[in-house]
Structure formats: structure tokens, C-alpha cells
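> Sharing a structure here in C-alpha cells format.
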Amino acid sequence: MSSSVSTTDLITDRLVLRSWTPDEVAAVLDGARPAHWAADFPAEGDHVIAGLFADHPAWLGPYGHRQIVERDSGLVVGSIGLFWPPSDGAVELGYGVVASRRGRGYAPEAARALTAFAFTAPDVRGVHATVELSNPPSIRVLEKAGFHRTHTDAEQGTARYDAAPPARD
Numbered sequence: 002m003s004s005s006v007s008t009t010d011l012i013t014d015r016l017v018l019r020s021w022t023p024d025e026v027a028a029v030l031d032g033a034r035p036a037h038w039a040a041d042f043p044a045e046g047d048h049v050i051a052g053l054f055a056d057h058p059a060w061l062g063p064y065g066h067r068q069i070v071e072r073d074s075g076l077v078v079g080s081i082g083l084f085w086p087p088s089d090g091a092v093e094l095g096y097g098v099v100a101s102r103r104g105r106g107y108a109p110e111a112a113r114a115l116t117a118f119a120f121t122a123p124d125v126r127g128v129h130a131t132v133e134l135s136n137p138p139s140i141r142v143l144e145k146a147g148f149h150r151t152h153t154d155a156e157q158g159t160a161r162y163d164a165a166p167p168a169r170d
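For the sequence shown, position 133 (counting from the first letter as 1) is numbered 134 according to this note's numbering, and the numbering increases by one without interruption.
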């Protein structure tokens, strides 16, 4: 892998979920192309999120947004994040994987890991995601990650999916 793994990284079977660095945020905003990014990273959503970090510094904290890195190649292939801080004990999850890496199960794998991590925060009692009904692949990601539809807003064309909190001892 091109970069070292830190103690704040979340490790899955095939991925490392690594916090964004200021240099990587600047690279997205400036249109730079670091060598450790997949050829089609960043996607449009990554540009949007990077542009919002200045207004939402907590998104760069330990429970915020992360890059999705393939362990085998060391390449950044997407991003995933929690929209921090929690509101009424709940936090929203957002994610995206670049087109060249879709269909490999990376998004549900990353979503399961970050959701489990979110539930370790003292103020988090719920994790949810809102998805457009016109985006069946994103719906499948949430279902594969263990989320369940709890609300549909036909007028907005969206559905809310919630993750069940882990069982407490």
C-alpha cells in the first residue's frame, strides 16, 4: 500500500477507511491528481464533500468522512462519511465508490465498518441514510450493509434506511 495505516483507520477484509488529510482535500479542490488515487477518483460527490469541509470541520474528525482505500492496490476508490455531529442521537451516512470499482461489494463493506464504528461514539444511538428511489444500486448497498427501510417519501422520491444498533451486553 502506498500509505501507512494509522491507528484511526478502520480496516476491513479488503479496505482501509482512512481520514482525509488537508493535502488530499486541497488536491480535490485544486484538481490535482495524486498517484495513490484511482484514475476516476474523485467522483462528483467527492468534490461536493471536499468543498463543504471548511464549513463543517467536524466532518474531518475521528467520526467524520474517510477515503475508501483498496488494501491490495493502496488506491483511493471512493469515500464514505458520517455527517457529524449527531442530531438527536442519530448520524447520517453517505458514501460513494468510483465507477471503475463498483460491483465489488466495497460500498456495503465500508458501510458496515463505519456504521459499527459510529455506534461506538457515546452520543450515537442511530445511524441512517437517505437514498433516492431512482438509485437501486445504492438501495442494494444499504440492504447488504444491514440497513432496513423505515420511511419512504414519495413526494421527494427518497427512502430512509436505518441500521440496527448492536446488541448491548
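Quick reminder that beta carbons are idealized off the backbone N, C-alpha and C, glycines included.
Quick caveat: nothing in here was measured; it's all calculated off a predicted structure.
Quick one: what does DSSP say residue 116 is sitting in, helix, strand or coil?
Correct three-state label for residue 116: helix.
> From 106, 35, 21, pick the residue whose C-alpha is nearest to that of residue 55; which is it?
The shortest C-alpha separation from residue 55 is found at 21.
> Taking only three categories from DSSP, how would you classify residue 43?
Residue state, collapsed to three classes: coil.
> Indicate the three-state DSSP secondary structure (helix, strand or coil) for residue 77 in the structure shown.
Three-state result, residue 77: strand.
> Taking Cβ to Cβ, would you say residue 116 is nearer than 9 angstroms to residue 63?
Taking 9 angstroms as the Cβ cut-off, residue 116 and residue 63 do not qualify as a contacting pair.
> Looking at the structure shown, is residue 163 part of a helix, part of a strand, or coil, going by DSSP?
In the structure shown, residue 163 sits in a strand (DSSP, three-state: E or B).
> Residues in the same chain with beta-carbon distance under 6 angstroms from residue 121, minus the five sequence neighbours each way, listed in chain order, please.
Around residue 121: no qualifying Cβ.
> At which residues does the alpha helix (DSSP H) containing residue 27 begin and terminate?
That run of the alpha helix (DSSP H) goes 23 to 31.
> Note down the Cα distance separating residue 143 from residue 164, rounded to an integer number of angstroms.
Approximately 9 angstroms, taken between the alpha carbons.
> Out of curiosity, what's the CA-to-CA distance linking residue 74 and residue 26?
Computed Cα separation, rounded: 21 angstroms.
> Is DSSP giving residue 11 helix, strand or coil here?
DSSP places residue 11 in strand when its eight states are reduced to three.
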